[in-house]
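Numbering-wise (the working numbering), the sequence shown opens with residue 17 and increments by one.
Worksheet: the structure to be examined is printed underneath.
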Amino acid sequence: MHLDSAVGVAIVCGPLGLAILFVLWPGQRQGAPLLAKWDLPDATPDQVSVAVLHLRRRRFWYLWLFVGLPFIPGAADFANAMTVLLLGGLVAEVLAQRPSPSARREAVLAPRGIFDFAPLWAIIVTALAALAAAIHLAVIGEWTLFGITVAATAVAWGVVLLAVRRPAAGDPDVDLALRCRSARVALGLATGMCATTAWPGGNLPSFLAFVVTLAAFIAIATPPRKLPATAAAK
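Structure, rendered in structure tokens:
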């Protein structure tokens, strides 16, 4: 995208993004339902505050990514909602690696691995989607989209790995729930990006890819019936 076009997009998207951010800026009313969805229906005010911070760390960056992506050469072709959500999750996880010094930390007695936050089947589905998209794009010679697919998959894995190694902070139940949410949503978004990038639309394969991707995203990003037990509960 040319610079003048990128500036025009930013001018239009900036106020729109600010309005959306204002409407969607999370508060206590958003934090409690989030925890209830992730197996914590009776969250305390302190637990809800942690969930609100989790949401704010992501939504703050959505605006700047939404406005800034058009300035990156070639980014206009994939500056969509999934890109913003995926990159916003990555930035938030990077920042969460150094929590506030005032945050209360609790030791985790049981070591946690990737499968504690993302089930094996979800990882396999994401890997298969990325592999199928990469092979398809390589065969038809769409190397730019090939690179986007690889980058999206790498970002998702970055979010998962950062969620695993993030220092434990605060209530262990909330900490576990939010880690699981970060990992599973990232994998679901990567699966969606791979399919929509490789099969952009207009024919039967693209429609089938959309249907399969939607089902995979819902399955991956949906909270499990029961989160793994925390070390304190064992």
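C-beta atoms are modelled at their ideal positions from N, C-alpha and C, and glycine is treated no differently.
C-beta atoms of residue i and residue j nearer than 8 Å
i: Ile130; j: Val171; result: no
i: Arg182; j: Ala108; result: no
i: Gln63; j: Leu51; result: yes
i: Ala235; j: Gly105; result: no
i: Ala211; j: Ala225; result: yes
i: Phe133; j: Val176; result: yes
Residue i beta carbon near the ligand GDP (any heavy atom closer than 7 Å)
i: Ala193; result: Within the structure as shown, the ligand GDP is missing, as the structure has no ligands at all.
Cutoff 6 Å; reference residue i; Cβ partners in own chain excluding five residues on either side
i: Met98; result: Leu205, Gly208, Met209
i: Phe94; result: Low local confidence applies: a pLDDT of 47 at Phe94 is under 50, so the model's placement there is unreliable, with the coordinate-based value given in what follows. Once the five neighbours on either side are set aside, the close Cβ partners of Phe94 are Ile164.
i: Asp187; result: Gln63
i: Ala237; result: Arg200, Val201, Gly204
i: Pro57; result: none
i: Leu194; result: His70
8 Å contact criterion, which residue i and residue j should meet: CB distance rounded
i: Ala214; j: Ala149; result: 4 Å
i: Val100; j: Val190; result: At roughly 25 Å, the Cβ-Cβ gap does not stay under 8 Å, so Val100 and Val190 are not in contact.
i: Trp80; j: Cys196; result: Between Cys196 and Trp80 the Cβ distance is about 26 Å, and since that is not below 8 Å, they are no contact.
i: Val68; j: Pro49; result: At roughly 11 Å, the Cβ-Cβ gap does not stay under 8 Å, so Val68 and Pro49 are not in contact.
i: Leu178; j: Val110; result: 6 Å
Chain-order list of residues whose beta-carbon lies under 7 Å from that of residue i (same chain, five-residue window excluded)
i: Gly90; result: Note that Gly90 scores 47 on pLDDT, short of 50, meaning its location in the model is unreliable; the coordinates nonetheless yield the value given after this. Correct list, in chain order: Thr160.
i: Leu9; result: Outside the displayed span of the chain (17 to 250) sits residue 9, for which this structure offers no information.
i: Gln44; result: Val64, Val68
i: His152; result: Ala214
i: Pro239; result: Lys53, Trp54, Asp55
i: Phe162; result: Ala150, Leu153, Ala154
8 Å Cβ shell around residue i - same chain, five flanking residues per side excluded
i: Pro221; result: Trp215
i: Leu145; result: Contrary to the premise, residue 145 reads as Ala rather than Leu in this sequence. Closer than 8 Å at the Cβ level, and outside the excluded window around Ala145, lie Ala206, Thr207, Cys210, Ala211, Thr229, Ala232.
i: Ala59; result: Gly47, Ala48, Leu51, Ala52, Ala67, Val190
i: Leu136; result: none
Residue-level contact to chain C via CB, residue i, 8 Å cutoff
i: Val166; result: Protein chain content of the structure displayed is limited to a single chain, and chain C is not contained in it.
Exercise for review: May I ask you to verify whether the segment 66-77 touches the segment 132-141, counting CB pairs closer than 8 Å and requiring at least 3?
Suggested key: no
Point to revise | Given 8 Å, three or more beta-carbon pairs between the segment 161-175 and the segment 220-236 | key: no
Point to revise | alpha helix (DSSP H) runs wholly inside the segment 98-176, at least 4 long, in chain order | key: 136-156
**Study point:** alpha helix (DSSP H) segments (min. 4 residues) lying fully within the segment 187-230
**Key:** 188-214
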